[in-house]
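For what it's worth, the working numbering labels the leading residue of the sequence shown as 794, then goes sequentially. All C-beta atoms, glycine included, are put in the ideal place defined by N, C-alpha and C. Only one structure is covered here, and it is reproduced in the block below.
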Amino acid sequence: MSSPVTIRPPVPTGRPGVFLWGGPALVTLLLSLFHSARAALWRDELASISAATRGLGQLFSLLGNVDASTGFYYLLLHFWTSLFGDSLTALRLPSALAMAAAAALTTRIGVRLYGRAVGVVGGLLFALTPSVSRYGQETRSYAFALMAVALATLLLLRALELQSPGPEQDRQDQPRAGSAGPDPLGERRQRMVRRRRWVAYSAALVLVGAFHLVALACLAGHAAGILVHWWRERRRDLLLWFGGAVAAAAAVLTPLAVLGHAQVGSQLFWLDSPNLSTPVHDLRVLWPTLFASYGYAVMMLVLICAAGLLTWRQRRSALLLLAACAVLPVLAVLVISELGTSYFLARYLLFTLPAWCLLGAVGLVGVARQVAVRTSARTPQRIVAAAAVLGLALGAVLSFPDQRELRSYGAHEWTRYPRGTAPDYWAYQAAADTLAKAARPGDGVYYGGWDGYMIGTGVQYYLRSRVRLDQFLATESPEQNGSYKPTICVNRVPCISVAPRRIWLVEPGPITASDKTWATKGQYATAATYHLSRIDVILMTRKG
794 MSSPVTIRPP
804 VPTGRPGVFL
814 WGGPALVTLL
824 LSLFHSARAA
834 LWRDELASIS
844 AATRGLGQLF
854 SLLGNVDAST
864 GFYYLLLHFW
874 TSLFGDSLTA
884 LRLPSALAMA
894 AAAALTTRIG
904 VRLYGRAVGV
914 VGGLLFALTP
924 SVSRYGQETR
934 SYAFALMAVA
944 LATLLLLRAL
954 ELQSPGPEQD
964 RQDQPRAGSA
974 GPDPLGERRQ
984 RMVRRRRWVA
994 YSAALVLVGA
1004 FHLVALACLA
1014 GHAAGILVHW
1024 WRERRRDLLL
1034 WFGGAVAAAA
1044 AVLTPLAVLG
1054 HAQVGSQLFW
1064 LDSPNLSTPV
1074 HDLRVLWPTL
1084 FASYGYAVMM
1094 LVLICAAGLL
1104 TWRQRRSALL
1114 LLAACAVLPV
1124 LAVLVISELG
1134 TSYFLARYLL
1144 FTLPAWCLLG
1154 AVGLVGVARQ
1164 VAVRTSARTP
1174 QRIVAAAAVL
1184 GLALGAVLSF
1194 PDQRELRSYG
1204 AHEWTRYPRG
1214 TAPDYWAYQA
1224 AADTLAKAAR
1234 PGDGVYYGGW
1244 DGYMIGTGVQ
1254 YYLRSRVRLD
1264 QFLATESPEQ
1274 NGSYKPTICV
1284 NRVPCISVAP
1294 RRIWLVEPGP
1304 ITASDKTWAT
1314 KGQYATAATY
1324 HLSRIDVILM
1334 TRKG
């Protein structure tokens, strides 16, 4: 028989609870902060910096043209950089804090569903996952979307009070001798508490959509959990509360979704759609990328299989909920991506990691308990703890090479790590250093290439105020035209005629003769060339 799904009073909180979730949160934070400034900025992070460092009016002008779906994160980052600056460490710190909060929430979900052992082990498995610290060092909204989904899941459980308690919690729920038993909430107060919890859940869904609309696929798992709960309780009001919470969140997010959908064609055109005729292949490709590690992904798969084998009969309701929160959003995004614009990308599905890690924790703790039973240990708790520690140590060993690789200088360019090979990185910093050493104040500069390469934004970020250069072909800055690239002279001849005597071309390499002619109309000759990783920096001087 599976454990019944029941409404129970909230698990008491206090200092021990803080210690429970504080450990995984601290490990996650430390791993996310370790060498967080070592990896160079990549294109998407530069878009975040460009947006967040504008004035509010300029930021909203940008969002009207592009990246509306990321606007809430940009707004938060705008105020953050106003307070703490835009150093690499400062820019990536919010994501590290969000991942730490997600680890704490993952632990609390595990404690609520399975007890302390699974909660803590699940939080630590989450902390050790290479992709967690990778995107905990990313100046993008993925860590925040993951945190918001974990928060929404926990608030849903609180609204349902869905628990599968162990004997310890059962004893806590029993009235003490000589007492009159638990004092039930009055009907009016109970309705008020229920309303507050569903409102909180709805607000968390708004946060999910505000940080990343694709993360709303978590509703597929939540809806499945609601159906499981309804099937056992047969309470019509449960469906009404859930439907109302989702509808309220949808009403708030609809304008953002409409604007984001209008812009998505110019942003995700590069992402290939999955093939529903070979879903197993697509999922097999996704799996190691989701964890950013082949070894860790295999270990998690083994533990999740163990969870199904060892706990299916005892904790079926909780297991189904976690499986739904892990699997159904992935399948939903897979199907949606086949029908239109593709969103099937590992970093868009990071929000499923808490569920996957908790399933792994169920398997690891289940195996540890089997070891304790088979050895007939006098102190089974110690055996369980020792076996769990060994499992976590194995995870740390398997993930270590990936943790090291993900902190290399060009690691953030390897967006589908560990698949394929490391691509060449864009040498924004080296180009900036070249200009700082060789350029003179007042020299002209032209940053070429496709907007998405973010060459101008990247080089200027690293160049700072070391040398002032004149963008002689620009008639409007990105801040003025509401985009990521300046407006270039339609008729370049007048702009070139008043350009400085020395100009620099900074473009994707190799720069061809036609590239030089386009930028200078043949009025300049090459004086020096610097070939860098994916970028060429060329000094040209006026002829005659």
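Candidates the options: closest to residue i by CA position
i, options, result
"ARG984", "ARG1077, GLY1251, LEU1031 and VAL1120", "LEU1031"
"PHE1193", "CYS1011, VAL1177 and SER1086", "SER1086"
"ALA1215", "GLY1203, LEU1121 and ALA1225", "GLY1203"
"ALA895", "ALA993, TRP873 and LEU921", "LEU921"
"TYR867", "THR846, LEU886, GLY857 and ALA883", "THR846"
"VAL904", "PRO1147, THR1313 and THR1250", "PRO1147"
"VAL1126", "LEU1079, LEU1152 and CYS1098", "LEU1079"
"LEU1121", "GLY1018, ASN1274 and LEU1049", "GLY1018"
"ALA997", "ALA945, PRO1048 and LEU1012", "ALA945"
"ILE1289", "ASP1217, MET892 and MET1333", "MET1333"
"GLY810", "ILE902, LEU1142 and ALA1220", "ILE902"
"HIS1054", "ALA941, ASN858, VAL1182 and THR1310", "ASN858"
N-terminal and C-terminal residue of the alpha helix (DSSP H) that residue i is part of
i, result
"ALA1139", "That residue, ALA1139, is in no alpha helix (DSSP H); it is neither H nor E in DSSP."
"ILE1304", "That residue, ILE1304, is in no alpha helix (DSSP H); it is neither H nor E in DSSP."
"GLN1060", "Looking at the DSSP string, GLN1060 is not in any alpha helix (DSSP H), and its letter there is neither H nor E."
"GLN851", "849–856"
"ARG987", "980–1004"
"LEU822", "808–826"
"TRP1023", "1011–1026"
"ALA840", "836–845"
"ARG1077", "1072–1084"
"SER926", "923–928"
Opening and closing residue of the beta strand (DSSP E) in which residue i lies
i, result
"GLY1237", "1237–1240"
"MET1247", "Careful: MET1247 lies outside any beta strand (DSSP E) and carries neither H nor E."
"THR932", "That residue, THR932, is in no beta strand (DSSP E); it is neither H nor E in DSSP."
"ASP1329", "1328–1335"
Close-in-space but distant-in-sequence residues of the same chain around residue i (CB under 8 Å, 5 per side omitted)
i, result
"ILE1176", "ALA1161, VAL1164, ALA1165, THR1168 and ALA1170"
"PRO923", "PHE1084, ALA1085, SER1086, TYR1089, SER1192, ASP1195, GLN1196 and LEU1199"
"LEU890", "LEU822"
"HIS1324", "GLY1302 and PRO1303"
"LEU1377", "Residue 1377 is absent from the structure shown; the chain starts at 794 and stops at 1337."
"ASP1329", "LEU1298, VAL1299, GLU1300, PRO1301, GLY1302, PRO1303, ILE1304, THR1322 and TYR1323"
Same chain only: Cβ atoms within 6 Å of residue i, ignoring 5 sequence neighbours per side
i, result
"ARG951", "ARG990"
"TRP1024", "none"
"THR1268", "THR1280 and CYS1282"
"SER752", "Limits of the chain in this structure are 794 at one end and 1337 at the other, which puts residue 752 out of reach."
"LEU1237", "A quick correction: the sequence has Gly, not Leu, at residue 1237. These residues qualify, in order along the chain: ASP1263, PHE1265, ALA1292, PRO1293 and ILE1296."
"GLU1206", "TRP835, PRO1216 and TYR1218"
Residues near residue i in its chain [Cβ-Cβ closer than 7 Å; skip 5 each side]
i, result
"LEU1256", "ALA1225, LEU1228 and ALA1229"
"LEU1096", "GLY1153, GLY1156 and LEU1157"
"LEU917", "PRO817, VAL820 and LEU1185"
"ALA970", "Low confidence applies here, because ALA970 scores a pLDDT of 46, under 50, leaving its location unreliable and the question unanswered by this model."
"GLY1339", "Given a span of 794 to 1337 for the chain in the structure shown, any question on residue 1339 remains unanswerable."
"TYR994", "ALA945, LEU948, LEU949, ALA952 and ALA1038"
"LEU1012", "VAL1039"
Min CB distance residue i to chain B below 7 Å
i, result
"HIS871", "Absence of chain B from the displayed structure is noted, only one protein chain being present."
**OP:** Can you check the segment 1249–1324 for any alpha helix (DSSP H) of at least 4 residues that lies completely inside it and give the ranges in chain order?
**Re:** 1271–1274, 1285–1290 and 1306–1313
Subject >> Length-filtered (4 minimum) alpha helix (DSSP H) runs lying within the segment 860–912 >> reply: 864–877 and 881–907
Original post:
In chain order, which beta strand (DSSP E) runs of at least 3 residues are fully inside the segment 1174–1248?
Top reply: 1237–1240
Subject >> Within the segment 1092–1169, ranges of the alpha helix (DSSP H) (whole runs, at least 4 residues) >> reply: 1109–1132 and 1146–1167
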